[in-house]
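Colleague:
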Amino acid sequence: MRHLRFGIDIDGTVTCPTSLLPHINAHFGSKLTLDDIKEYELTKAFTVDEKVFYEWYKGAEPHIYSSSPAQVHAKEVLDHWKSQFELYYISARGNHVYDTTVDWFKQKEIPYDHIELVGSHFKIDAAKKFNVDAFFEDKHDNAVDIHEELGIPVILFDTPYNRNPIPEGVIRVYNWQEANHCIQKLFPTEVIIK
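Residues in the sequence shown are numbered from 1 upward in steps of one, following UniProt numbering.
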C-alpha cells in the first residue's frame with residue numbers, strides 16, 4: 001500500500017511567518033510586526049520601492065532562509081508523520097537556494113522525502129506531478145487554487161495576510177498541533193499517533 005503523500009509549503013508554513021520581518025526591519029529601518037502584514041505582498045505593508053525591495057531580497061535570501069526559525073511544533077509533528085506519510089516540500093523558492101534549503105532542513109532535523117523549489121507561487125503543477133493527497137500552505141489563493149484544481153484538502157496556516165473567506169475543503173489552522181488533529185480526522189486509518 002502506498003503511503004499518503006503530503007505537499008508542504010516551506011515559508012510561513014514550516015518556518016515561522018515572522019521569519020522575514022527582523023531582516024526587513026533591520027535593512028529598511030521599519031518596525032513591522034506580523035499584524036501589519038495584511039496582504040501576502042510585503043511591499044504593501046510599508047513605504048518602499050518594489051524594485052529596491054526585491055533587489056535586496058534576492059541578495060538576502062540565503063541568509064534569511066538559513067536563519068529562519070521553524071514554527072512551534074512543526075518538527076515534532078513532522079517527525080511523527082515521517083514513518084506514516086511521504087513529506088514532499090513544494091516551495092516558491094528558486095533553485096538557486098536549493099542547497100541553503102536542504103542545509104536548513106538538516107540543521108533543524110526536520111524530515112523530508114523530497115524538496116521541490118518551483119521558483120514561483122504556482123504550485124499546482126508540482127502538486128499534480130507528485131500526486132499529493134493533502135497540501136499545507138499559508139498563501140490564501142494558493143490554498144484555494146490547489147484545493148479547487150486537485151480536489152484535495154488543503155490545510156491553511158492562519159496569518160493576518162490570509163484571512164479571506166475559504167471554501168469547504170480548505171481548513172484553517174492556527175498551529176501544527178491543530179494541523180495534526182485535522183490530519184487525524186481526514187485520514188483516520190492512516191494516523192497512529194495521539
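We put the beta carbon where it would ideally sit given N, CA and C, even for glycine.
Just so we're clear, the structure is a prediction, and the values are computed from it rather than from any experiment.
CB-CB under 7 Å to Asp36, same chain, minus the five flanking residues each way: which ones, in chain order?
Modeller: Taken in chain order, the residues that qualify are Ala45.
Colleague: Let's test the definition: count the other Cβ atoms within 10 Å of the Cβ of Glu137 and tell me whether it reaches 16, buried, or not, exposed.
Modeller: Buried is the call here.
Colleague: Report the rounded CA-to-CA distance for Pro22 versus Glu149, giving the unit in angstroms.
Modeller: Spanning the two alpha carbons is a distance of roughly 35 Å.
Colleague: DSSP state of Asp11, grouped into three classes?
Modeller: Coil at Asp11, not helix or strand.
Colleague: Can you give me the Cβ contacts of Thr159 inside the same chain, cut-off strictly under 8 Å, excluding the 5 residues immediately before and after it?
Modeller: Hits under 8 Å: Gly12, Pro17, Leu34, Ile37, Asp138.
Colleague: Apply the 10 Å Cβ neighbour rule to Lys31 and answer buried if 16 or more other Cβ atoms are within range, or exposed otherwise.
Modeller: Under this definition Lys31 is an exposed residue.
Colleague: CA-CA distance, Glu178 and Glu50?
Modeller: About 35 Å.
Colleague: Determine the burial state of Glu41: buried for a count of at least 16 other Cβ atoms within 10 Å of its Cβ, exposed for fewer.
Modeller: The residue is exposed, with fewer than 16 neighbouring Cβ atoms inside 10 Å.
Colleague: What's the gap between the Cα of His121 and the Cα of Ser83?
Modeller: The straight-line gap from Cα to Cα measures roughly 28 Å.
Colleague: Ends of the alpha helix (DSSP H) at Ser91?
Modeller: Premise fails: Ser91 lies in the beta strand (DSSP E), 85-91, not in any alpha helix (DSSP H).
Colleague: Would you kindly work out how many angstroms separate the C-alpha atoms of Ala26 and Val154, rounded to a whole number?
Modeller: Taking the straight line from one Cα to the other gives about 34 Å.
Colleague: Look at the alpha carbon of Ser19 and the alpha carbon of Glu61, and state the distance between them as a whole number of angstroms.
Modeller: The straight-line gap from Cα to Cα measures roughly 11 Å.
Colleague: Applying the criterion that 16 or more other CB atoms from any shown protein chain within 10 Å of the CB defines a buried residue, is Trp176 buried or exposed?
Modeller: Answer is buried; the Cβ neighbour count reaches 16.
Colleague: Hey, quick one: how far does the beta strand (DSSP E) through Val132 stretch, first residue to last?
Modeller: Element bounds for Val132: n/a, residue is neither H nor E.
Colleague: Name the two residues that bound the continuous beta strand (DSSP E) containing Val48.
Modeller: Unbroken run through Val48: none, as it is neither H nor E.
Colleague: Roughly how many angstroms lie between the CA atoms of Ile64 and Phe28, to the nearest whole one?
Modeller: Distance between the alpha carbons of Ile64 and Phe28 is about 15 Å.
Colleague: Helix, strand or coil: how does DSSP classify Lys194 here?
Modeller: Here the model assigns Lys194 a pLDDT of 41, short of 50, so the residue's position is not dependable and the matter cannot be decided.
Colleague: Just the C-alpha distance for Tyr98 and Gly7, rounded to the nearest angstrom, thanks.
Modeller: Approximately 17 Å between the Cα atoms of the pair.
Colleague: Drop a sphere of 10 angstroms on the beta-carbon of Asn142, count the other beta-carbons inside from all chains shown, and report buried for 16 or more, exposed for fewer.
Modeller: By the 10 Å Cβ count, Asn142 comes out buried.
Colleague: If you scan the segment 128-170 from start to end, which runs of the alpha helix (DSSP H) of 4 or more residues do you find wholly inside it?
Modeller: As far as the segment 128-170 is concerned, its whole alpha helix (DSSP H) runs of at least 4 residues are 140-150.
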